[in-house]
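**Student:** Have a look at this one before I ask anything.
Number of protein chains: 2
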Amino acid sequence: MTSPHDRLPIGELAGRSGLAASALRYYEELGLIHSERTSGGQRRFTRATLRRVAFIRAAQVVGLSLEETSAALAKLPQDRAPNAAQWNSVARTWTRRIDQQIAELEELRRKLTGCIGCGCLSLRKCGLYNPGDAAAGSGAGARYLLGERPDTVGVDAPGVTPGRA
Amino acid sequence: MTSPHDRLPIGELAGRSGLAASALRYYEELGLIHSERTSGGQRRFTRATLRRVAFIRAAQVVGLSLEETSAALAKLPQDRAPNAAQWNSVARTWTRRIDQQIAELEELRRKLTGCIGCGCLSLRKCGLYNPGDAAAGSGAGARYLLGERPDTVGVDAPGVTPGRA
DNA sequence: GCTTGACTTCAAGTGCGCTTGAAGTTGCAA
DNA sequence: TTGCAACTTCAAGCGCACTTGAAGTCAAGC
Chain A
340 MTSPHDRLPI GELAGRSGLA ASALRYYEEL GLIHSERTSG GQRRFTRATL
390 RRVAFIRAAQ VVGLSLEETS AALAKLPQDR APNAAQWNSV ARTWTRRIDQ
440 QIAELEELRR KLTGCIGCGC LSLRKCGLYN PGDAAAGSGA GARYLLGERP
490 DTVGVDAPGV TPGRA
Chain B
340 MTSPHDRLPI GELAGRSGLA ASALRYYEEL GLIHSERTSG GQRRFTRATL
390 RRVAFIRAAQ VVGLSLEETS AALAKLPQDR APNAAQWNSV ARTWTRRIDQ
440 QIAELEELRR KLTGCIGCGC LSLRKCGLYN PGDAAAGSGA GARYLLGERP
490 DTVGVDAPGV TPGRA
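Line by line, the protein sequences are chains A and B.
Under the working numbering, the final residue of the first sequence carries the number 504; numbering is consecutive throughout.
Under the working numbering, the final residue of the second sequence carries the number 504; numbering is consecutive throughout.
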């Protein structure tokens, strides 16, 4: 577990994770991953970093920003596999998020299908209208649907990066 | 249908659509929407533009870029409601895309749940690994999952903007 | 020891989808 | 007629997640 083979240079980590070295450096700069250095100043990552990187990739799919991912990663141990409780805590947040996204997509599909049925898209009737003010378009991709979250309409969705009018 | 009230100034369209005027100007610049001008050079949009704008919003939720949205919009009439056939053709593409996204999210959830069960995330065993090379991270948000689309692995996903190593 | 490829830092650039600001013009209501 | 909000264009800026390039250093195999 602490053999010399556990100390991956960045190219190795890049190769194994499928990410560019530049991206990994960037992640390290942001504090998402960590490395030790050789006497010459080159990075050496532990194998556990592979886990963190996989986590980051998955987080991006769920729609987390690197900042949010960073917060999530902070709950996991840096150099060993998380235990069940730790993992549970994170994964539960995720599955909730995933469920929410799925629900939103299904809602949109429902609206679209409704449109097919009614031949509408002629204002008003159609579920695609009523954008609900400043809801959607939170930058980092498919986040909130237009017209969704009627309970938080008129307010920036909670927990989402503020910016962007 | 062609009353003077059908000619919306940009602020009106912005208010009704929930988008910023600047965004609408940007869309017009890209050719997604169109306007006529008053003698003084101010934009006047038809009500039908509301439909196009709603369409654009929905398209963003599905993860389409404005360029892709533009292509989709080209299939719909500019100043009237689409007929069933036109709408069908577009909506079908969308529902397929939505279904695909849902499937991907469910797959990720499955993997996460598996992780909870097995207490893993300890390399190898876990479905979260094997990133499948250059798959995910196509820029505009939750597009393709890591490890997904095993049939197109190693190739840029078809129909998706090339860039980004 | 030397070569060569992998590494280092730092600054600047990229692409998307806008927003912001400056400086000027229009249109409508009083 | 005037006043003022709403509009106009154009250029530049922003935030995210990186990538690219320049210029230099390290490490490992021959």
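Glycine included, C-beta positions come from ideal geometry on N, C-alpha and C.
Keep in mind it's a predicted model, so treat the numbers as computed, not measured.
Grouping DSSP H, G and I as helix and E and B as strand, with all else coil, what is residue 363/A?
**Tutor:** Reduced to three states, the DSSP call for residue 363/A is helix.
**Student:** Does the beta-carbon distance from residue 434/B to residue 449/A come in below 7 Å?
**Tutor:** No, Cβ-Cβ distance for residue 434/B and residue 449/A is not below 7 Å.
**Student:** Residue 352/A and residue 363/A - do their beta-carbons sit closer together than 7 Å?
**Tutor:** Against a cut-off of 7 Å, the Cβ pair of residue 352/A and residue 363/A comes out as a contact.
**Student:** Quick one: give me the first and last residue of the alpha helix (DSSP H) that residue 395/B is part of.
**Tutor:** Element bounds for residue 395/B: 387-401.
**Student:** Which chain A residues are close to residue 448/B, counting only those with a beta carbon under 7 Å from its beta carbon?
**Tutor:** Under the 7 Å cutoff, chain A gives 434 and 437.
**Student:** Identify, in the order they occur along the chain, each residue of the same chain with its Cβ nearer than 6 Å to the Cβ of residue 411/B, setting aside the five sequence neighbours on each side.
**Tutor:** 429, listed in sequence order.
**Student:** Can residue 376/B and residue 401/B be called in contact, C-beta distance under 7 Å?
**Tutor:** Contact: no.
**Student:** Quick check on residue 441/B - is its C-beta less than 7 Å from some C-beta in chain A?
**Tutor:** Yes, residue 441/B lies at the interface with chain A (some Cβ there is under 7 Å from its Cβ).
**Student:** Specify, as a first and last residue, the run of the alpha helix (DSSP H) that residue 408/B falls within.
**Tutor:** Segment 405-412, the alpha helix (DSSP H) holding residue 408/B.
**Student:** If the cut-off is 9 Å on Cβ atoms, which residues from the segment 392-407 of chain A count as contacting chain B, listed in chain order?
**Tutor:** Answer set for the segment 392-407 of chain A: 392, 393, 394, 396, 397, 399, 400, 401 and 402.
**Student:** In whole angstroms, what separates the C-alpha of residue 403/A from that of residue 427/A?
**Tutor:** Rounded to whole angstroms, residue 403/A to residue 427/A spans 18 Å at the Cα level.
**Student:** Below 7 Å on C-beta distance, what does residue 363/A contact in chain B?
**Tutor:** In chain order: nothing, as chain B lies at least about 13 Å away.
**Student:** Rounded to a whole number of angstroms, what is the C-alpha to C-alpha distance between residue 422/A and residue 442/A?
**Tutor:** Cα to Cα, the separation comes out at about 30 Å.
**Student:** Please list, in chain order, the chain B residues whose beta carbon lies closer than 9 Å to that of residue 445/A.
**Tutor:** Per Cβ cutoff of 9 Å: 437 and 441.
**Student:** Do you know offhand how far residue 472/B's Cα is from residue 444/B's?
**Tutor:** Note that residue 472/B has pLDDT 29, beneath the 50 cutoff, so the model's placement of it is unreliable and the number below is only indicative. Distance between the alpha carbons of residue 472/B and residue 444/B: 19 Å.
**Student:** Buried or exposed: where does residue 357/A fall if 16 or more other Cβ atoms within 10 Å of its Cβ makes it buried?
**Tutor:** Under this definition residue 357/A is a buried residue.
**Student:** Give the secondary structure of residue 419/B by DSSP, where H, G and I count as helix, E and B as strand, and everything else as coil.
**Tutor:** Coil, per DSSP.
**Student:** What separation, rounded to the nearest whole angstrom, lies between the Cα atoms of residue 446/B and residue 452/B?
**Tutor:** Cα to Cα, the separation comes out at about 10 Å.
**Student:** Buried or exposed: residue 478/B, going by 16 or more other Cβ atoms within 10 Å of its Cβ?
**Tutor:** Any answer about residue 478/B is weak, because its pLDDT of 29 lies below 50 and its placement is not dependable; what the coordinates show is given next. So residue 478/B counts as exposed.
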